[in-house]
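Colleague:
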Amino acid sequence: MLSEFTPCDIVAITAHPDDMEICCGGTLALAVHQGWKAGAVEFTRGELGTRGTVAIRSREAEEAARVLGLSCRLNLELPDGHLHDSDEARKLIVRVLRLMRPRVVIAPPLRDHHPDHIAVAEIVSRSMHLSGVAKCVPELEPWRPHVLLHYLSGTRPLAPSLVVDISSVFEQRTRAMMCHRSQFFAEGSTERKTRIAHPDFPKVIEGRLRHFGGLIGVAFAEAFSTEEPVPVADVVALYARTPWAHPPQEP
Ligand SMILES: [Zn+2]
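By the count of our numbering, the sequence shown reaches residue 253 at its end, each step adding exactly one.
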């Protein structure tokens, strides 16, 4: 069931129903193809969103989760536009982390244009340590994820710490993002205009993914920052792939 907390290897925790698809859906889809269980949790139903309704956005999010092959997608139903770091919010995320037990957690960047995104980044980063503290929320078994990655949303200049090649899932990622039809440009729509409803927005996302891809010599990539050093067991294996390797020629 998508609407129940289930253990996942990798979980994206974001503010609004379309944030994950726009910023890091490819990394989740890729993890699913590699045999891992992936999940997504949103803080709000996006009720403050200029376009669409809660019901429409919820259906779109469910459809996108199926396109990406997620094991679990949940909404915490906190008030859109009013998120802030608090003891209550941290305890909620400690519960989420302990129920889902992910190794990798993805959150928004700590610097961004939207206050909800910054709030989620702060809440999740403060909850990572607390989730491993047994006497905090004592009714649930402690769990400390291995790493917190902040996706790069592209609205503030940030340097990536790691770049994930998502070329093999680019089409799937795009299909999942475009499930959020209410948020994007539609010919003849009478809804108010927004930044992401600009007809060029999908091209901006494609450009961003191509730019990140260019950093490591692949077609498309998603980029992340992390405050912790990246542990490496085999530095040669890490760099085994040839950047800008040409595709095999047809005989
Ligand atoms: Zn958002």
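Each residue gets a CB set at the ideal place from its N, CA and C atoms; glycine is no exception. Just so it is clear, the structure is predicted and the values come from calculations on it, not from any experiment.
Is H18 near ligand 1, with its Cβ less than 7 Å from a heavy atom?
Modeller: Yes, ligand 1 has a heavy atom inside 7 Å of this Cβ.
Colleague: Helix, strand or coil: how does DSSP classify D89 here?
Modeller: Reduced to three states, the DSSP call for D89 is helix.
Colleague: Verify whether the separation of the beta carbon atoms of R53 and A178 is less than 8 Å.
Modeller: Cβ distance not < 8 Å, so R53 and A178 don't count as in contact.
Colleague: Around the Cβ of A188, are there at least 16 other Cβ atoms within 10 angstroms (buried) or fewer (exposed)?
Modeller: Burial call: exposed.
Colleague: Quick check: is any heavy atom of ligand 1 less than 7 Å from the C-beta of D118?
Modeller: It does: the Cβ of D118 is within 7 Å (strictly closer) of some heavy atom of ligand 1.
Colleague: Might you give, ordered along the chain, the residues of its own chain that have their beta carbon closer than 8 Å to the beta carbon of I95, omitting 5 neighbours on each side?
Modeller: So the list reads I15, I125, V126, S129, S133, once near-sequence residues are dropped.
Colleague: Please find out if some non-hydrogen atom of ligand 1 comes closer than 7 Å to the beta-carbon of D21.
Modeller: Indeed, a heavy atom of ligand 1 lies less than 7 Å from the Cβ.
Colleague: Just curious, the alpha helix (DSSP H) that C25 is in, first and last residue?
Modeller: Unbroken alpha helix (DSSP H) run through C25: 21-25.
Colleague: Going along the chain, which residues of its own chain have a beta-carbon closer than 7 Å to the beta-carbon of R103, five neighbours each way excluded?
Modeller: Excluding residues within five positions, the ones whose Cβ falls inside 7 Å are P9, W145.
Colleague: From P110 to G41, what distance separates their C-alpha atoms?
Modeller: Each residue's Cα considered, the two are about 15 Å apart.
Colleague: Using DSSP with H/G/I as helix, E/B as strand and the rest coil, what is T196?
Modeller: Coil, per DSSP.
Colleague: For A136, which three-state DSSP category applies?
Modeller: Looking at A136 - three-state DSSP - the assignment turns out to be coil, as it is neither helix nor strand.
Colleague: For D11 versus A33, is the C-beta distance shorter than 8 Å?
Modeller: Taking 8 Å as the Cβ cut-off, D11 and A33 qualify as a contacting pair.
Colleague: Kindly list the residues whose CB is nearer than 6 Å to the CB of L240, restricted to its own chain and excluding five residues on each side of it in sequence; keep chain order.
Modeller: Cβ neighbours of L240 beyond the five flanking positions: V234.
Colleague: Run through the DSSP bridge pairs and tell me what G41 is partnered with.
Modeller: DSSP, once it has assigned bridges, lists V13, C74 as partnering G41.
Colleague: Buried or exposed: where does Q36 fall if 16 or more other Cβ atoms within 10 Å of its Cβ makes it buried?
Modeller: Exposed, by the Cβ-count rule.
Colleague: For F186, which three-state DSSP category applies?
Modeller: Coil, per DSSP.
Colleague: State yes or no: is the C-beta of G215 within less than 8 Å of the C-beta of F226?
Modeller: Result no, Cβ atoms of G215 and F226 do not sit closer than 8 Å.
Colleague: For a quick check, are the C-beta atoms of G209 and W246 less than 8 Å apart?
Modeller: No.
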